[in-house]
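Chemist: Sending over a structure as structure tokens; questions will come in a sec.
Protein chains: 2
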Amino acid sequence: MNEKLNALLAQLQPQFAERLVTSEAMREHHGSGESHLPPAWPDAVIMVRSTQEVSDVLAACNEHEVPVIPFGAGSSIEGQIHAPHGGISLDMSAMDAILSVEEADMDCTVQCGVTRQALNEHLRATGLFFPVDLGAHATLGGMAATRASGTTTVRYGSMRDLVLGLTVVMPDGEIIRTGGRARKSSAGYDLTRLMVGSEGTLGVITELTLRLFGIPEASQTAMCSFDSIQEATETVVMALQCGLALNRIELADTLQMQAINRYSRADLPESPTLWVEMTGAAPTVENDMDTFEGLAESARKFERATSAEDASRIWRIRHDALYASRALRPGIKGISTDVCVPISALPSCIGAIQEVIATTSIQAPLVGHVGDGNFHLVLLYDPADEDEIREARHINGSLIKMAIEMGGTCTGEHGVGLGKKAYLPAEHGPALGVMRRIKRALDPQNIMNPGKIFDL
Amino acid sequence: MNEKLNALLAQLQPQFAERLVTSEAMREHHGSGESHLPPAWPDAVIMVRSTQEVSDVLAACNEHEVPVIPFGAGSSIEGQIHAPHGGISLDMSAMDAILSVEEADMDCTVQCGVTRQALNEHLRATGLFFPVDLGAHATLGGMAATRASGTTTVRYGSMRDLVLGLTVVMPDGEIIRTGGRARKSSAGYDLTRLMVGSEGTLGVITELTLRLFGIPEASQTAMCSFDSIQEATETVVMALQCGLALNRIELADTLQMQAINRYSRADLPESPTLWVEMTGAAPTVENDMDTFEGLAESARKFERATSAEDASRIWRIRHDALYASRALRPGIKGISTDVCVPISALPSCIGAIQEVIATTSIQAPLVGHVGDGNFHLVLLYDPADEDEIREARHINGSLIKMAIEMGGTCTGEHGVGLGKKAYLPAEHGPALGVMRRIKRALDPQNIMNPGKIFDL
Chain E
1 MNEKLNALLA
11 QLQPQFAERL
21 VTSEAMREHH
31 GSGESHLPPA
41 WPDAVIMVRS
51 TQEVSDVLAA
61 CNEHEVPVIP
71 FGAGSSIEGQ
81 IHAPHGGISL
91 DMSAMDAILS
101 VEEADMDCTV
111 QCGVTRQALN
121 EHLRATGLFF
131 PVDLGAHATL
141 GGMAATRASG
151 TTTVRYGSMR
161 DLVLGLTVVM
171 PDGEIIRTGG
181 RARKSSAGYD
191 LTRLMVGSEG
201 TLGVITELTL
211 RLFGIPEASQ
221 TAMCSFDSIQ
231 EATETVVMAL
241 QCGLALNRIE
251 LADTLQMQAI
261 NRYSRADLPE
271 SPTLWVEMTG
281 AAPTVENDMD
291 TFEGLAESAR
301 KFERATSAED
311 ASRIWRIRHD
321 ALYASRALRP
331 GIKGISTDVC
341 VPISALPSCI
351 GAIQEVIATT
361 SIQAPLVGHV
371 GDGNFHLVLL
381 YDPADEDEIR
391 EARHINGSLI
401 KMAIEMGGTC
411 TGEHGVGLGK
421 KAYLPAEHGP
431 ALGVMRRIKR
441 ALDPQNIMNP
451 GKIFDL
Chain A
1 MNEKLNALLA
11 QLQPQFAERL
21 VTSEAMREHH
31 GSGESHLPPA
41 WPDAVIMVRS
51 TQEVSDVLAA
61 CNEHEVPVIP
71 FGAGSSIEGQ
81 IHAPHGGISL
91 DMSAMDAILS
101 VEEADMDCTV
111 QCGVTRQALN
121 EHLRATGLFF
131 PVDLGAHATL
141 GGMAATRASG
151 TTTVRYGSMR
161 DLVLGLTVVM
171 PDGEIIRTGG
181 RARKSSAGYD
191 LTRLMVGSEG
201 TLGVITELTL
211 RLFGIPEASQ
221 TAMCSFDSIQ
231 EATETVVMAL
241 QCGLALNRIE
251 LADTLQMQAI
261 NRYSRADLPE
271 SPTLWVEMTG
281 AAPTVENDMD
291 TFEGLAESAR
301 KFERATSAED
311 ASRIWRIRHD
321 ALYASRALRP
331 GIKGISTDVC
341 VPISALPSCI
351 GAIQEVIATT
361 SIQAPLVGHV
371 GDGNFHLVLL
381 YDPADEDEIR
391 EARHINGSLI
401 KMAIEMGGTC
411 TGEHGVGLGK
421 KAYLPAEHGP
431 ALGVMRRIKR
441 ALDPQNIMNP
451 GKIFDL
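Going line by line, the protein sequences match chains E and A.
Letter by letter, the first sequence follows residues 1 to 456 in the UniProt record's numbering.
Letter by letter, the second sequence follows residues 1 to 456 in the UniProt record's numbering.
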């Protein structure tokens, strides 16, 4: 590797000059991200500014057989930006231009390094917004690469649904354009959807054309507590069947509510809780929240926000859930599970894993995007304690096994990276072989983010 | 070919017996479909009953290098079921079992030969439905293979969006399962979306897991006439930006309205016309139709349905548009164009193609799924008249060229088949090479529907 790497760096140095960095600090920053996994540093970082520069780097890396790892904001949590085989971390964060906004067509084209926050800030005056809403401060390129979603997926879909087209640099440096600006097309293979979720293993996404939506006229928020996860889930199922104007519907379990009370010095009911937001025209929002309250007849408490400020207060509680979880064991990091199951399987899945958790010393509060059947347990464990590590791994593995048996997936929105590779054979069976064949066909030298999603 | 074919048929004959058919009538039926293209018969037809039987046939065809063309209802119109290189037409219509309906999860799993009509009939008692609504009597497997859509795509999306998972038989006979029953997943490459729209060139879809939706409580229909396509389109853009509860929004041009008046002996305004349907809760539908009427201030006539029967009458007019078009020149077949453009480009695209049409002797009424930017011109020409053939081709080619230049696609919902292959280089550029590499990797013998979408 070293000889090839040196030849590569010598070739790229004149072009990138001070934007090709090999300092320890930069390599460390680009080899850790926000993951719970041990860091794996790249050999060098290149700060690119254009699709053409990405093409230049990839062509050179392909020639010298040096790995390339695309890097956006570093917010991925399954090791997607790690460099287990060394190579070049391709830092896309300077590619942050919003290239066009077409208000009548409700679409925009952005460079991959634009964050969703920056895009929505830019859109503010138009009355439009991009709805994918996740916890992290992430780039849109990274969000596409991991097929990210979040709290509003129940209404608007995930990155899978909202990317109309991409500019992608293929491993040999060829620049392709997938999809387009039409809302739908039946013209050939859906390369856009193939690249979305491929975690940088097939090419580098440099530009995205995204669907936008009008900001709804009105919204209403409520929070309600149930005696059981089962009752909460049944209410959600009915709301989905009725096609209510749900924008978000989020779940927390009893332990999470206890953590929130402790963190926020609040006095909320310590039992399974739903947060609900309806958005749309004012009469719709009013009607649908009334309907929802009727459906939630098993709720022991139903609190409707009385003002925009009150709604913010209620959502702040949900937002603080992660901090509240961490505060259960200060100084201890947590890893977040990410299974997604058919919604009817949620109560049995959660019940069964809570039984497993009860046999361990681990605390694991739960929040979930219940409308999608996706939930996160924050497994709080001491990385210096071998027993706790083993217990946390056991819980994670048991949960994933159950989820897959129930027709679900090991990862609803975080992606595979390094952290979930071991579970793909059980989830995909022989389909994993088809994925490998595609990888080999499009990246024969295996330079693109090697070792991620699966091994070859 | 003949020797290989004979060896194949000798091998499969004992297994399939009278379900392996080589009669002229069957070959003709399976080699024509509803396409305007000249027929191309397969050498034999095999009526399969199970995924395992499909696997057996594919493994044998792969061994003997004989083409396989999946056949559902034969309703494809771009030659997808034609057999230009001969081979086996794999008739899936007997695979018509509805395998499961999960009401709480709002999904179902069906065999590929189930039609959307049969599925919705089966679902009637559940209060759920499958929303993709196209003109043809098509199978769900065929609809997935061509990435079909239709009038309700503006609300629910197309087959791209509504397939959760697939069972696919790969060209060597391997059976894979893509996706699952989770609403979302970030676990690896999106093989489901790769297979959807691949028109049988990568494998055979044998089972589909589909999203279902609750039947909305209420609906309202209106029909309104404008002085120009521009005004009609502007109204649609505003309605989309407002996020109104549109279920369908359809457009017809002046010639189409003249044809409808003649066919139905009606007295409708002969100018660009929109059909609109809102669905949802009763207050939503009422409110959103009021809003729409306000947005449609440039309409010269706005007629709101006064009852369910009246709504049916209004939609019957839209439904009869194709028959009305054909009645403009009785006995003459029409070919249907299928471009899809960013919605803001619709008026200029339609205006420009109408100028081209005016220089020919062709009549070409227009209907469109205006909310998606997808429209169809029915090009009425006499296939015995060389001049008219040339003119019709010129119109179709000019329209596609314009649509692609405007950021659109040559086909919004009909697929490529044989009929649109020539346009893919202009639409996809080097991305077409990536599609070919995927095809070669997954079907190295090129047995799956060879010659469709692109040549190798």
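By construction, the Cβ of each residue, glycine as well, lies at the ideal position given by its N, Cα and C atoms.
Taking the beta carbon of THR51 of chain E as the centre, do at least 16 other beta carbons fall within 10 Å, making it buried, or is it exposed?
Modeler: That one is buried.
Chemist: The beta strand (DSSP E) that contains PHE375 of chain E, what's its start and end?
Modeler: Element bounds for PHE375 of chain E: 374 to 380.
Chemist: Output the boundary residues of the beta strand (DSSP E) element that contains TRP41 of chain A.
Modeler: It is not in any beta strand (DSSP E) - TRP41 of chain A carries neither H nor E in the DSSP assignment.
Chemist: Could you check whether the Cβ of GLY419 of chain E sits closer than 7 angstroms to any Cβ belonging to chain A?
Modeler: Cβ-Cβ to chain A under 7 angstroms: no for GLY419 of chain E.
Chemist: According to DSSP, what are the bridge partners of HIS369 of chain A?
Modeler: DSSP output for HIS369 of chain A lists A:ASN374 as bridge partner(s).
Chemist: Do the region 101 to 115 of chain E and the region 204 to 214 of chain E make contact, defined as three or more Cβ pairs closer than 8 angstroms?
Modeler: Verdict: yes, contact present.
Chemist: 7 angstroms is my cut-off, CB to CB: does GLY412 of chain A come that close to chain E?
Modeler: Yes, contact with chain E.
Chemist: Under the three-state reduction of DSSP, which class applies to ASN247 of chain E: helix, strand or coil?
Modeler: Strand, per DSSP.
Chemist: What separation, rounded to the nearest whole angstrom, lies between the Cα atoms of VAL236 of chain A and ARG304 of chain A?
Modeler: Going from the Cα of VAL236 of chain A to the Cα of ARG304 of chain A covers about 16 angstroms.
Chemist: Please identify the residue among A:LEU377, A:ASP372, A:ALA321, A:ILE332 whose C-alpha is closest to the C-alpha of GLY351 of chain A.
Modeler: Among A:LEU377, A:ASP372, A:ALA321, A:ILE332, the Cα nearest to that of GLY351 of chain A belongs to A:LEU377.
Chemist: Less than 7 angstroms between CB atoms is the rule here; does ARG116 of chain E satisfy it with respect to chain A?
Modeler: Judged by the 7 angstroms Cβ criterion, ARG116 of chain E is not in contact with chain A.
Chemist: What do you reckon, are the CB atoms on ARG27 of chain E and THR151 of chain E nearer than 7 angstroms?
Modeler: No; because the gap between Cβ atoms is not below 7 angstroms, this pair is not in contact.
Chemist: Using a Cβ-Cβ cut-off of 6 angstroms (strictly less than) and excluding sequence neighbours within five positions of MET95 of chain E, which residues of its own chain qualify?
Modeler: These residues qualify, in order along the chain: GLN111, CYS112, GLY113.
Chemist: With contact counted as at least three CB pairs below 8 angstroms, one residue from each stretch, are the region 24 to 44 of chain E and the region 142 to 149 of chain E in contact?
Modeler: The answer is no - the region 142 to 149 of chain E does not touch the region 24 to 44 of chain E, with fewer than three Cβ pairs under 8 angstroms.
Chemist: Applying the 10 Å Cβ sphere with the 16-neighbour rule, what's the burial state of ILE81 of chain E?
Modeler: Buried: at least 16 other Cβ atoms inside 10 Å.
Chemist: Kindly list, in the order they appear in chain E, the residues whose Cβ is closer than 7 angstroms to that of ASN287 of chain A.
Modeler: Here the neighbours are ALA281, PRO283, THR284.
Chemist: Please name the residue, chosen from A:THR153, A:ILE335, A:ILE98, that lies closest to residue 466 of chain A on a Cα-to-Cα basis.
Modeler: The requested residue 466 of chain A is not part of the displayed model; chain A covers only 1 to 456.
Chemist: Check whether the Cβ of LEU210 of chain E lies closer than 7 angstroms to any Cβ atom in chain A.
Modeler: Chain A, which has no Cβ nearer than 7 angstroms to the Cβ of LEU210 of chain E, makes this no.
Chemist: So, does the CB of PRO342 of chain A fall closer than 7 angstroms to a CB anywhere in chain E?
Modeler: It does; some Cβ of chain E falls within 7 angstroms.
Chemist: Within the continuous beta strand (DSSP E) that includes GLY280 of chain A, where are the two ends?
Modeler: Taken as a continuous stretch (DSSP letters only), the beta strand (DSSP E) holding GLY280 of chain A covers 273 to 280.
Chemist: Report the start-end ranges of each beta strand (DSSP E) in the region 272 to 360 of chain A that is 3 residues or longer and not cut off at the edges.
Modeler: As far as the region 272 to 360 of chain A is concerned, its whole beta strand (DSSP E) runs of at least 3 residues are 273 to 280, 301 to 304, 334 to 336.
Chemist: Measure the alpha-carbon distance for ASN261 of chain A versus GLY407 of chain A and round it to whole angstroms.
Modeler: When rounded, the distance between both Cα atoms is 34 angstroms.
Chemist: Tell me which residues of the region 170 to 200 of chain A have at least one Cβ-Cβ distance to chain E shorter than 8 angstroms, keeping chain order.
Modeler: Per Cβ criterion, the list reads MET170, GLU174, ILE175, ILE176, ARG177, THR178, GLY180, ARG181, ALA182, ARG183, LYS184, SER185, SER186, ALA187, GLY188, TYR189, ASP190, LEU191, ARG193, LEU194, VAL196, GLY197, SER198.
Chemist: So the candidates are A:CYS340, A:LEU274, A:VAL45; which of them puts its Cα closest to the Cα of ILE400 of chain A?
Modeler: ILE400 of chain A has its Cα closest to that of A:CYS340, out of A:CYS340, A:LEU274, A:VAL45.
Chemist: Going along chain E, which residues have a C-beta under 7 angstroms from ARG147 of chain A?
Modeler: Correct list: SER186.
Chemist: Rounded to the nearest angstrom, what separates CYS242 of chain E and PRO216 of chain A at their Cα positions?
Modeler: C-alpha separation (whole angstroms): 7 angstroms.
Chemist: Taking PHE213 of chain E as the query, report the chain A residues whose CB atoms sit under 7 angstroms from its CB, ordered along the chain.
Modeler: Those are GLY243, listed as they occur along chain A.
Chemist: Tell me the DSSP secondary structure of ILE81 of chain A in three-state form.
Modeler: In the structure shown, ILE81 of chain A sits in coil (DSSP, three-state: anything other than H, G, I, E or B).
Chemist: Does the Cβ-Cβ distance between PRO330 of chain A and LYS301 of chain A come in under 7 angstroms?
Modeler: No, these two residues do not count as a Cβ contact at 7 angstroms.
Chemist: In chain order, which alpha helix (DSSP H) runs of at least 4 residues are fully inside the region 152 to 223 of chain E?
Modeler: Fully enclosed alpha helix (DSSP H) runs of 4 or longer: 153 to 156, 159 to 162, 191 to 195.
Chemist: Got a sec? Which residues, its chain only, sit under 8 angstroms from PRO342 of chain A by beta carbon, not counting five neighbours each side?
Modeler: Excluding residues within five positions, the ones whose Cβ falls inside 8 angstroms are GLY373, MET406, GLY407, GLY408.
Chemist: Opposite GLN111 of chain E in the DSSP bridges: which residues?
Modeler: In DSSP, GLN111 of chain E forms a bridge with E:GLU207.
Chemist: Along the chain, where does the beta strand (DSSP E) that runs through ASP455 of chain A open and close?
Modeler: It is not in any beta strand (DSSP E) - ASP455 of chain A carries neither H nor E in the DSSP assignment.
Chemist: If you follow the alpha helix (DSSP H) that SER264 of chain E is part of, which residue opens it and which one closes it?
Modeler: Run containing SER264 of chain E: 254 to 264, per the alpha helix (DSSP H) assignment.
Chemist: According to the Cβ coordinates, are ARG437 of chain A and ALA431 of chain E closer than 7 angstroms?
Modeler: Not in contact: ARG437 of chain A and ALA431 of chain E (Cβ atoms no closer than 7 angstroms).
Chemist: Rounded to whole angstroms, what is the Cα-Cα separation between GLY368 of chain A and LEU379 of chain A?
Modeler: In a straight line, the C-alpha of GLY368 of chain A is about 14 angstroms away from that of LEU379 of chain A.
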